Amino acid sequence: FMCMRFFFPVTQWLHLYQVYRATGDERCRAALLGSARHYNKLSQDYPLAVQHKANDPEGLTYMYTMSAWSRITLQLARKGKASEEEIAEAEKFLETIIMVLKPVCEGDADLDPEMGIPKKLAEDFRIRPFNRSLNGIGVLAMTSAALKDLQTIKETDAYQTSIDRYRKCVKEYFKNWKSVGCLYTEEDGKTYFYYPYVFSQKLKRKQGVLLAGDDQGHYSHSMQGVMLVYESTPELGADDDFMTAIANAIYHNSYTKYGSIQCPTADKIKPNSRHPFNAPRERFYMFEAWRDGLIDGQCSKLSAEQKKAALSNRKHRPKVLHAMYMKALRKDRDLIYLGEKSSNRIAARR
2 FMCMRFFFPV TQWLHLYQVY RATGDERCRA ALLGSARHYN KLSQDYPLAV QHKANDPEGL
62 TYMYTMSAWS RITLQLARKG KASEEEIAEA EKFLETIIMV LKPVCEGDAD LDPEMGIPKK
122 LAEDFRIRPF NRSLNGIGVL AMTSAALKDL QTIKETDAYQ TSIDRYRKCV KEYFKNWKSV
182 GCLYTEEDGK TYFYYPYVFS QKLKRKQGVL LAGDDQGHYS HSMQGVMLVY ESTPELGADD
242 DFMTAIANAI YHNSYTKYGS IQCPTADKIK PNSRHPFNAP RERFYMFEAW RDGLIDGQCS
302 KLSAEQKKAA LSNRKHRPKV LHAMYMKALR KDRDLIYLGE KSSNRIAARR
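Read in order, the letters of the sequence shown correspond to residues 2 to 351 in this note's numbering.
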């Protein structure tokens, strides 16, 4: 366990979570619960070990399924669709997460003067590659939203201190990330966001344009954490404007031959390929919610037959459905899964 790397996050967890959001399939929620129970027991049995594991955003992602199942379940509970036993189990998972993160995120001793969070965590935010941090940041955002739902259900403010600190950590992370990256508006009025693999004093800029975009693969890993922040706490840094800027950058890159994602101006000055161009990447499909035609762009190097095969296979099809969920979520922030309202209407007729 101590040597396992969770920052991707584990592919199966991501798949289960996104398929649930796309379909509402209870088998996915049940599978997330099985994993959540395993890591909850591990955390209870070995508290010092897991606190050491979770002392940075990369390690704390091991609690992904605990947070995800709790978040979904408490969203359902607020609509009267979860049992008292499920609510109690979600609370148990969230209390475990608080226990694990207490020495990492909470307390007012030795705070970073700029970020206002524990200095060790702030320094980690500044030096760790973004793809190795953002899924952990997403877990913090998801946990804070789940705790907020729990407080509403139980009519208490017992968890507010933890909520405030997790939200502060997410907000400061995004503030730092954006300061290192490049949010650039082109002459056509479209804004693009891209960033380097990791912060470095040697990063080159020309006329305000960053010339060192991260590669498609690492960028796609980072976006899975951004997705959780948008779903849970968009006001902390991942609002619709920011997601649109990301979508614009991905869309532009889809029609280039460059392995690193940048804005059009940066590609004219100094195109970059940390790794070779490789598309389509199904992890980008959700950004179709902010840029129509993005999935077509990702598949633009394929023949019509190859595109049809790609979009219908078991790996890519759930991502297309998840993109539809994200588009629907933009219109209805209380939507738990795609087709939820249709399911409600069918149930009402019975």
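Built from N, CA and C at the ideal position, the CB exists for glycine as well. Computed from a predicted structure; not experimentally measured.
Per-residue burial, His39 [other beta carbons within 10 Å of its own, 16 or more giving buried]: Counted from its first residue, the sequence shown places residue 39 at position 38. His39 comes out exposed.
Where Asp189 falls, given that 16 or more other Cβ within 10 Å makes a residue buried: Along the sequence shown, read from residue 1 onward, the residue named residue 189 stands at position 188. Per the 10 Å Cβ criterion, exposed.
Look at the alpha carbon of Asp111 and the alpha carbon of Ala37, and state the distance between them as a whole number of angstroms. The count along the sequence shown starts at 1 and reaches residue 111 at position 110. The count along the sequence shown starts at 1 and reaches residue 37 at position 36. Between Asp111 and Ala37, the C-alpha separation is close to 32 Å.
Validate contact between the region 163-180 and the region 248-263 using beta carbons, cut 8 Å, 3 pairs: no
Just to confirm my understanding: we take Ala55, look at its own chain, exclude 5 residues before and 5 after, and list those with CB closer than 8 Å. What are they? By one-based count along the sequence shown, residue 55 stands at place 54. The answer, listed in chain order, is Leu61, Tyr63, Met64, Val101, Leu102 and Val105.
Three or more beta-carbon pairs under 8 Å between the region 327-339 and the region 288-305, yes or no? yes
Is DSSP giving Leu303 helix, strand or coil here? Here residue 303 corresponds to residue number 302 of the sequence shown, with the count starting at 1. Here Leu303 sits in coil by DSSP.
Are Leu322 and Thr12 touching if we call contact CB-CB under 8 Å? Residue 322 sits at position 321 when you count from the first residue of the sequence shown. Residue 12 sits at position 11 when you count from the first residue of the sequence shown. Going by C-beta atoms, Leu322 is not nearer than 8 Å to Thr12.
Any idea which residues DSSP pairs Asp216 with across the strands? Taking the first residue of the sequence shown as position 1, residue 216 is located at position 215. Ser261, per the DSSP bridge assignment.
Proximal residues to Met5 (C-beta, below 8 Å), its chain only, five neighbours per side dropped: Working through the sequence shown from its first residue, we reach residue 5 at position 4. Correct list, in chain order: Tyr63.
Three-state class that DSSP yields for Pro355 in the structure shown: Not covered by the structure: residue 355. The range shown for the chain is 2 to 351.
Residue closest to Pro1, alpha-carbon to alpha-carbon, out of Leu33, Leu336, Glu156 and Ile98: Shown here, the chain extends from 2 to 351; a query on residue 1 therefore has no answer.
In the DSSP output, what is Lys207 paired with across the bridge? Translated into the one-based positions of the sequence shown, residue 207 becomes position 206. Looking at the DSSP assignment, Lys207 forms a beta bridge with Val210.
Starting from Phe175 and walking both ways along the alpha helix (DSSP H), at which residues does that stretch end? For the purposes of this step, residue 175 is taken as residue 174 along the sequence shown, with counting starting at 1. Residues Gln161 to Val181.
With respect to the beta strand (DSSP E) encompassing Phe126, which residues constitute its N-terminal and C-terminal limits? Counting from 1 along the sequence shown, the entry for residue 126 is found at position 125. No beta strand (DSSP E) holds Phe126; the alpha helix (DSSP H) holding it covers Lys120 to Ile128.
With distances taken from CA atoms, which of Ala246, Ser255, His276 and Glu107 is nearest Leu303? One-based indexing of the sequence shown puts residue 303 at position 302. Of the listed residues, the one whose Cα sits closest to Leu303 is Ser255.
Taking the beta carbon of Lys114 as the centre, do at least 16 other beta carbons fall within 10 Å, making it buried, or is it exposed? Along the sequence shown, one-based indexing puts residue 114 at 113. Position check: residue 114 holds Pro in this sequence, whereas Lys was assumed. Under this definition Pro114 is an exposed residue.
Could you say which of Gln208, Phe126, Ala31 and Tyr196 lies nearest to Asp57 if we only look at CA atoms? Residue 57 sits at position 56 when you count from the first residue of the sequence shown. If we check each option's Cα against that of Asp57, Phe126 comes out closest.
With a threshold of 7 Å on Cβ separation, who are the neighbours of Asp268 within its own chain once the five nearest residues in sequence on each side are excluded? What you label residue 268 is simply residue 267 of the sequence shown in a count that begins at 1. Once the five neighbours on either side are set aside, the close Cβ partners of Asp268 are Thr257 and Tyr259.
With H, G and I counted as helix, E and B as strand and the rest as coil, what does DSSP make of Thr186? Start at 1 with the first residue of the sequence shown, and residue 186 comes out as number 185. Looking at Thr186 - three-state DSSP - the assignment turns out to be strand.
Cross-strand partners of Thr192 (DSSP beta bridge): Position 191 of the sequence shown, counted from the first residue, corresponds to residue 192. Thr192 is bridged to Thr186.
List, from N- to C-terminal side, the alpha helix (DSSP H) runs of 4 residues or more that fit wholly inside the region 249-296. 265-270
Distance check for Leu211 and Asn279, CA to CA, integer angstroms please. Working through the sequence shown from its first residue, we reach residue 279 at position 278. Working through the sequence shown from its first residue, we reach residue 211 at position 210. Cα to Cα, the separation comes out at about 22 Å.
With 16 other CB atoms within 10 Å as the buried threshold, where does Lys320 fall? Against the sequence shown, residue 320 aligns to sequence position 319. Answer is buried; the Cβ neighbour count reaches 16.
Under the three-state DSSP convention, the category Arg6 falls into: Taking the first residue of the sequence shown as 1, we reach residue 6 at position 5. Looking at Arg6 - three-state DSSP - the assignment turns out to be coil, as it is neither helix nor strand.
Just checking Ala123 against the ligand GDP - is the residue's beta carbon closer than 7 Å to any of the ligand's heavy atoms? What this structure holds is no ligand at all, so the ligand GDP is not there to describe.
Can you find the residues in the same chain that come closer than 7 Å, C-beta to C-beta, to Tyr326, ignoring five residues on each side of it along the sequence? Translated into the one-based positions of the sequence shown, residue 326 becomes position 325. For Tyr326, where only same-chain residues beyond five positions count, the Cβ hits under 7 Å are Arg22, Ala23, Tyr338 and Leu339.
What did DSSP end up calling Ile337 once you bin it into helix, strand or coil? By one-based count along the sequence shown, residue 337 stands at place 336. Correct three-state label for Ile337: coil.
Option nearest Tyr231 by Cα separation, candidates Val140, Thr162 and Arg28: Here residue 231 refers to the residue found at position 230 when the sequence shown is read from its first residue. Of the listed residues, the one whose Cα sits closest to Tyr231 is Val140.
Roughly how many angstroms separate the alpha carbons of Ile347 and Glu59, rounded to a whole number? The residue given as residue 347 occupies position 346 in the sequence shown. The residue given as residue 59 occupies position 58 in the sequence shown. For Ile347, the predicted structure reports a pLDDT of 48, less than 50, and the residue's modelled location is therefore unreliable. A value from the coordinates is still provided. Each residue's Cα considered, the two are about 42 Å apart.
In this structure, how does DSSP classify Phe200 when only helix, strand and coil are distinguished? Locating residue 200 in the sequence shown gives position 199, counting from the first residue. Three-state result, Phe200: coil.
Met224 versus Asn273 - alpha carbon distance: Taking the sequence shown and counting its residues from 1, the one referred to as residue 224 is at position 223. Taking the sequence shown and counting its residues from 1, the one referred to as residue 273 is at position 272. Spanning the two alpha carbons is a distance of roughly 20 Å.
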